[in-house]
Amino acid sequence: MSNLANSGLFTDLYELTMAAGFIREGLAEEEATFDLFVRRLPDPRQFLVSAGQSEAFEYLAGLSFNQAELDFLASTELFHDDALNRFANLRFSGEVWAVDEGEIVFANEPILRVTAPLIEAQIVETRLLNLIGSQTMVASKAARVAIACQGRPFVDFSARRDHGGDAAMQAARASWIGGGKGTSLVAAGYKYGLPLSGTMAHSYVMSFDDEREAFRTFARTFPDGAVLLIDTYDTEEGARRVVEVAAELASEGVKISGVRLDSGDLVRLSCSVRDILDEGGLNHTQIFASGDLDEYRITELLAAGAPIDAFGVGTQLGTSADAPSLGAVYKLVADSRGPKIKLAEDKVTLPGRKQVWRVETQGQALYDVVALDDEGMPIEANQHANLTARPLLKERMSAGKMTSQLPTLSEAQRNCSKAISKLPSRLASLQQRERSYEVRVSAELRSLGMSLSGNH
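0 is the number of the first residue of the sequence shown in numbering that gives the first Met the number 0; add one for each residue after it.
Right under this line is the structure:
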């Protein structure tokens, strides 16, 4: 496989076996519409931050099978020649509507709506869920970390603990959308243009016979703003040695911009380190903390008065440890014969092509309305002068080509910050609240669902 990211093989086997069945029955080219959405928010999530769309569109634009992949499929002896020939010519030719990256979404709201020939719309399911589900998961976690930081910056330190290289790249990207200020992963900085952040490891300090010499050498190597790790041995003594080294190197124009704490009682140590630095004239030197942090631990640290200026968040962020999956799904909602509905217990879907409207007043979100796409703006927004409604799904691709420019990563981050600021204040809490955000179903959509349910 020359390019797994765009390969038609990045799909579950049953997508291809179904495709072969569609081809044999003459259904493969019939139009079908699928919604990608999350059935329910994992506790204690009260909102999700949509992410992954940009890479999803890159995938759709480049979707294909190369000859080696086709040869592999032929070797399985599962597929007849008609299927293999259709796979050889597979390109995505459909239409996609999507919520912008950084936008806030809730359960049962389409994040992506795909309309394409059935074979195309079916085969792309696995990769779309992989990209949207995982990045939305991490972006949502990152937004919670940003809330906990109360305006202080945090950076993604998760690459070494993420579940593979692709996951680490996606985590760095998604954490930025959710409010991160950079990443330690150099490849992500290169690919996405993200700011890079890093200090040193304990091994660097231990490679020198004297801690002062380690600090001195590193500061001279990066004279415009070194950040020194001070907890290899004795943290408070490390802080005193930073003061000594800073005074020694001041005449050389060397600036020590920060110290990093990675272990121990971070409240007590950050307070004592702050005192040592201030007494030594290093009022400008910031304290950076890391070490198995998440939104809960950061909240505790700041509530206890820890004078920490910035955070590195790793494992808990990149794996979204308290809610490591979203259960995103991709379901058929319409085809050439009309709207479709799934009626399985606890998994009922909303039929038809849909739009999501966010009803707001004075810039604050009140509730969402999921409606059929041809209904237009919710009636209450037309009847009340103080209410407005905006559609969340936007056409981004038609006939397999992009029709409008996607938000940049920085724009997606601003989208996220703005959208969170518009939510009811209770949703910014890190704890689950009894009253969640209201998502309504329009009367017309509800009626369609009841009608289809009665037909089965």
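Glycine is no exception: its CB is placed at the ideal position from the N, C-alpha and C atoms.
Please classify residue i: is it buried, with 16 or more other beta-carbons within 10 angstroms of its beta-carbon, or exposed?
i, result
"residue 444", "buried"
"residue 219", "exposed"
"residue 13", "exposed"
"residue 285", "buried"
"residue 52", "buried"
"residue 88", "exposed"
"residue 310", "buried"
"residue 414", "buried"
"residue 402", "exposed"
"residue 157", "buried"
"residue 425", "exposed"
"residue 392", "buried"
"residue 364", "buried"
For a test of the three-state rule: what should DSSP assign to residue i, helix, strand or coil?
i, result
"residue 207", "coil"
"residue 61", "helix"
"residue 257", "strand"
"residue 436", "coil"
"residue 359", "strand"
"residue 305", "coil"
"residue 263", "coil"
"residue 230", "coil"
"residue 415", "helix"
"residue 217", "helix"
"residue 333", "strand"
"residue 374", "coil"
"residue 143", "helix"
"residue 17", "helix"
"residue 106", "coil"
"residue 379", "helix"
"residue 401", "strand"
"residue 352", "coil"
Candidates the options: which alpha carbon is nearest residue i's?
i, options, result
"residue 206", "196, 197, 217", "217"
"residue 26", "384, 167, 81", "81"
"residue 321", "257, 137, 396, 436", "137"
"residue 23", "47, 84, 36", "84"
"residue 366", "379, 170, 287, 374", "379"
"residue 17", "77, 307, 55, 39", "77"
"residue 93", "79, 115, 107, 75", "115"
"residue 279", "58, 8, 249", "249"
"residue 350", "371, 364, 362", "371"
"residue 323", "152, 118, 162", "162"
"residue 340", "437, 410, 447, 423", "447"
Given a cut-off of 8 Å, decide if residue j and residue i are closer than it, judged by their beta-carbon atoms.
i, j, result
"residue 10", "residue 198", "no"
"residue 355", "residue 109", "yes"
"residue 300", "residue 266", "yes"
"residue 439", "residue 368", "yes"
"residue 430", "residue 43", "yes"
"residue 325", "residue 37", "yes"
"residue 381", "residue 360", "no"
"residue 123", "residue 72", "no"
"residue 159", "residue 318", "no"
"residue 394", "residue 175", "no"
"residue 187", "residue 172", "yes"
"residue 166", "residue 133", "yes"
So is residue i in contact with chain B if we call contact Cβ pairs under 8 Å?
i, result
"residue 158", "The displayed structure is made up of one protein chain only, and chain B is not part of it."
Give every residue of the same chain whose Cβ lies closer than 8 Å to the Cβ of residue i, excluding the five residues on either side of it in the sequence, and list them in chain order.
i, result
"residue 49", "98, 99, 100, 101, 102, 103, 104, 110, 131, 135, 138"
Under 6 Å Cβ to Cβ from residue i, same chain only, skipping five residues before and after it: list those, please.
i, result
"residue 178", "141, 142, 145"
"residue 228", "198, 199, 259"
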